[in-house]
Amino acid sequence: MSDKLLSVRDLTIHYITDDGVVKAVNGVSFDIDKGETLGLVGETGAGKTTTALGLMSLVPDPPGKVVGGEILFNGKNMLKASKHELRAFRGKEMSMIFQDPMTALNPILTVGEQIAEVIQLHDKLSKAEAYKKAAEMLRLVGIPDERMTEYPHQFSGGMKQRVVIAIALACNPQFLIADEPTTALDVTIQAQVLDLMAELRKKFGTAMLMITHDLGVVTEICDKVAIMYAGQIVESGDLESIYERTCHPYTKGLFGSLPSLSKKIHRLSPIPGLMPDPSNLPTGCPFHPRCPNAMEICKSRAPVNTEIEPGHFVRCLLYESKTGEGEK
Amino acid sequence: MTVTTKAGQPKKRRGQGKDIWRRLCKNRLAVFGMIILAGLVLLAIFADVIAPYPYDLQNYSEAFEFPSWRHPFGTDNYGRDILSRVIYGARISLQIGFISLSGGALMGCILGAVAGFFGGWLDTVIMRFTDILMSIPKTILAIAIATTLGPGLVNAMIAVSISSIPTFARVVRASTLTVKEQEFVEAARAIGASNARIIFRHIFPNVLAPIIVQSTLGVGTSIVLAASLSFLGLGIQPPTPEWGAMLSAARGFIRDQWYMVFFPGLAIMLTVFALNVFGDGLRDALDPKLKN
Amino acid sequence: MLQFVLKRIVITIPVLLGVTLIIFTMMFFTEGDPARMILGDDALPEDVEQLREEMGLNDPFFEQYIRYLGNAIRGDLGISYTTKVPVTTEIMARLPVTFKLAVYSTLFAICVGIPAGIISAVRQYSILDNVTTVLALVGITMPNFWLALMLTLFFSVYLGWLPASGLYGPQYYIMPVLSISVLSVATITRMTRSSMLEVIRQDYIRTARAKGQSEIKIIFKHALKNALIPIITVIGIQFATILGGAVVNEQVFAIPGLGKLMVDGIKARNYPIVQGGVLVIAIMFSILNLLIDLLYAFVDPRIKTQYQRASKKSKEKVAAAGKGVSQ
């Protein structure tokens, strides 16, 4: 328990809109140790970004609200932290890389200024020293430091994302959230950025939450995986258990819908149906309308987290009966 | 999150009107504006029946009367009932506002659409022309035109019309350019649609929204512009009860007969307020993305 | 950068020429015979005809236009019908007053409008926001000459605090500036509010928060600077409105400025004054627009770099040409 860097318990986040309550995150729990990387996988709309924002206390309020749960970072409940504490925390202990590099940087400030800003906020350095450090960070992410005085619009998408990474890691945070950092980039750049992240992670020992919908990315960079569906984590465990001994029908569906280079498959098998509307979730297990193994009881009873093997959890009624015991 | 439509695609025409109306009615301020406008229009149409006195009935024995039951807005220096004059004024101001605006809007839309759609030297020429018009402040342009043409209702309307052309030309041109670049226009061309068909069936409906919004707000501006002209002695001449002219005439009596100044101006303000609020509501209803 | 400035100046010239053409056309078609206006109604027809020949009033349209243009460039805008004094002299005597009024009104509008808009945006939906929005709405819809009269009624007639006319000291400026600027204050407030609201929603603001930046710094360092561009545009447009408003308000407050000169000229059928005044105002406004365009380049680095790169490229070309190396 003591070297758990981050411990999330039953995090529930709702958006309260004119058209109803959007239940974006419903009872999400996971742990991340120092230096570990957890991959959070799911389709668009599963609630991954909201979870990430919740960790940083950046959920836009209104209309979002953290309705329940706790987030323990180094033992401290961040949901009860004061504004002052949160400001000291963001950027220094935990930072975030966002999905769209094109809009993540302020267009009227130079790249150097934006990196130096986070340094000046947290480390007691003079302006000159902060700029020197900013130049260092730029070099670290593979951008020549002469470009410090240039503006974001003068960089390509991949380079912008590198700048964002530089900003996120400038104060050497213990924890980094990467929200689909490569989705908006093309494949070759994607590989470069992922390599860079892996390298920096090794260098700084940063723990990471990698949010992605790409199972390939997960294998490259993650130690553990959690599969998210309709605001809940339906399966989690280390890489090997999830990939080799997949349990949850949804996870199986995700793997099954991938094309394969080695096997000859005649048709891809996508999961039928669509992600449910978070303001109108199905009763019982949220996946039952699309589940090929759905039983009658799935419509009315919500499954609880079951530990199939050490460290491998599934939230499915199929497995609940197998072990006979559940864990909330 | 819920499935959303891609931004920039044309909205389906069926059922859209109902959606817009519903959104508009949700906005209480806009509804308030609509009611006031409806009231003003009724006043204008039925002025002869509603107004207690004819607007030019002079009665020296009742001149300079303070607001009372018989004359809720008081009387002016000729003994004319101000309430009646204000009511008739609604007819005149609304007429001027709508007619002038329509003229200017029509001209402006045509110019803007042509400039945006065909581009090239036509675009440059038209844009230079609007630049020139826009480098003279609207009020002053109207004054200059009205001076050239001479006083009178029609001339005032022409002056106000011309002053509204540049704004419409700009708005329509900008919209046309945006719509023109979108893929559905390319698609229409790819299936062999003629220019005219593209303009009328594809571009026009999508440009309509900004035109409507600009028109609503523009009527208000036109009314104030016309009132300014009358206030300065151009435009409407006495005894026609145009609100601006009434204000101008009342200036000399401001010391003791404050009501002569207060009510016509209040009428202008109320009208413009209703138009603006309604226009804002319309804008929000037509494009809900803008609201939040 | 200098290239950019020169380019903008060059573009303004045809526009101003167009303005002179429009004004001249209006003059040409205005009713009344200028020669008769100058000599008076009881002048002899032969004298009028002689003056017409001298003034070249029987020449074709374009000849007269070129002459008018030539004169205008040299600063000669004709003679006032009533006072027989050169129009340029009359205008120049009164221009400073109107200019001061316009500048004070603009400054007032900026100093009240922008903070109000920021507060409204940052505290969206609060009571402060609602009050500001309503006030702004009222400000936009109120005809400023009516406000002028109402202010006069209240502060002059009723309370006796402020003078009703003239311009002899600082307190004389208060009511005119208020009524001239009311529309602009409201418009700037609304534009600032909507621009700030849009900017606050942008991703880079979220990035700044994720860095741990304080809300105040976020508003001023990140949000406001980005929101400024449409606000500056609006300020430029409002200057035109203020000029127009000044013209009307000078009547109400009997201020001896360009506006009153023009309006009196209208009443007296003194057309050269009116048209000369319009030209001068158009020139003032075009200069302002030029300055605003230049201001954009300073505020928005995207525009700045566009021109820096252009001038760097041309500098490099020149240097390379000098070295005899082809680029």
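Chains as they are written, first to last, in my numbering: chain A, 1 to 328; chain B, 329 to 620; chain C, 621 to 947.
For glycine and all other residues, C-beta sits at the position ideal for the given N, C-alpha and C.
None of these values were measured; they are calculated from a predicted model.
Is residue i buried or exposed, if buried means 16 or more other CB atoms sit within 10 Å of its CB?
i                     : result
residue 349 (chain B) : exposed
residue 280 (chain A) : exposed
residue 703 (chain C) : exposed
residue 612 (chain B) : buried
residue 688 (chain C) : buried
residue 262 (chain A) : exposed
residue 887 (chain C) : exposed
residue 96 (chain A)  : buried
residue 411 (chain B) : buried
residue 266 (chain A) : exposed
residue 84 (chain A)  : exposed
residue 131 (chain A) : buried
residue 347 (chain B) : exposed
residue 587 (chain B) : buried
residue 690 (chain C) : exposed
residue 571 (chain B) : buried
residue 151 (chain A) : buried
residue 366 (chain B) : exposed
residue 434 (chain B) : exposed
residue 747 (chain C) : exposed
residue 247 (chain A) : buried
residue 233 (chain A) : buried
residue 286 (chain A) : buried
Please work out which residues of its chain come closer than 8 Å, Cβ to Cβ, to residue i, disregarding the five sequence neighbours upstream and downstream, and give them in chain order.
i                     : result
residue 289 (chain A) : 273, 276 and 282
residue 635 (chain C) : 906
residue 464 (chain B) : 472
residue 173 (chain A) : 91, 92, 93, 94, 95 and 206
residue 102 (chain A) : 157, 160 and 184
Please report whether the beta-carbon of residue i lies at a distance below 9 Å from any beta-carbon of chain C.
i                     : result
residue 92 (chain A)  : yes
residue 463 (chain B) : yes
residue 129 (chain A) : no
residue 552 (chain B) : yes
residue 443 (chain B) : no
residue 208 (chain A) : no
residue 118 (chain A) : yes
With respect to the alpha helix (DSSP H) encompassing residue i, which residues constitute its N-terminal and C-terminal limits?
i                     : result
residue 244 (chain A) : 239-244
residue 502 (chain B) : 481-509
residue 812 (chain C) : 790-820
residue 887 (chain C) : 878-887
residue 666 (chain C) : 665-675
residue 901 (chain C) : 891-919
Go through its chain and collect everything with a Cβ distance to residue i's Cβ below 6 Å, but skip five positions before and after it.
i                     : result
residue 708 (chain C) : 695 and 697
residue 650 (chain C) : 891
residue 685 (chain C) : 644
residue 253 (chain A) : 271
residue 35 (chain A)  : 205 and 207
residue 743 (chain C) : 749
residue 190 (chain A) : 182
Please decide whether residue i counts as near chain B, where near means a Cβ-Cβ distance under 9 Å.
i                     : result
residue 832 (chain C) : no
residue 798 (chain C) : no
Specify, as a first and last residue, the run of the beta strand (DSSP E) that residue i falls within.
i                     : result
residue 6 (chain A)   : 4-17
residue 67 (chain A)  : 64-73
residue 312 (chain A) : 312-314
residue 253 (chain A) : Here residue 253 (chain A) belongs to no beta strand (DSSP E); instead the alpha helix (DSSP H) covers 249-256.
residue 308 (chain A) : 306-309
Going along the chain, which residues of its own chain have a beta-carbon closer than 7 Å to the beta-carbon of residue i, five neighbours each way excluded?
i                     : result
residue 791 (chain C) : 782 and 783
residue 121 (chain A) : 91
Per DSSP, which one or two residues make a beta bridge with residue i?
i                     : result
residue 175 (chain A) : A:94 and A:207
residue 229 (chain A) : A:232
residue 28 (chain A)  : A:11
residue 706 (chain C) : C:699
Is the CB of residue i under 9 Å away from at least one CB in chain A?
i                     : result
residue 841 (chain C) : yes
residue 916 (chain C) : no
residue 750 (chain C) : no
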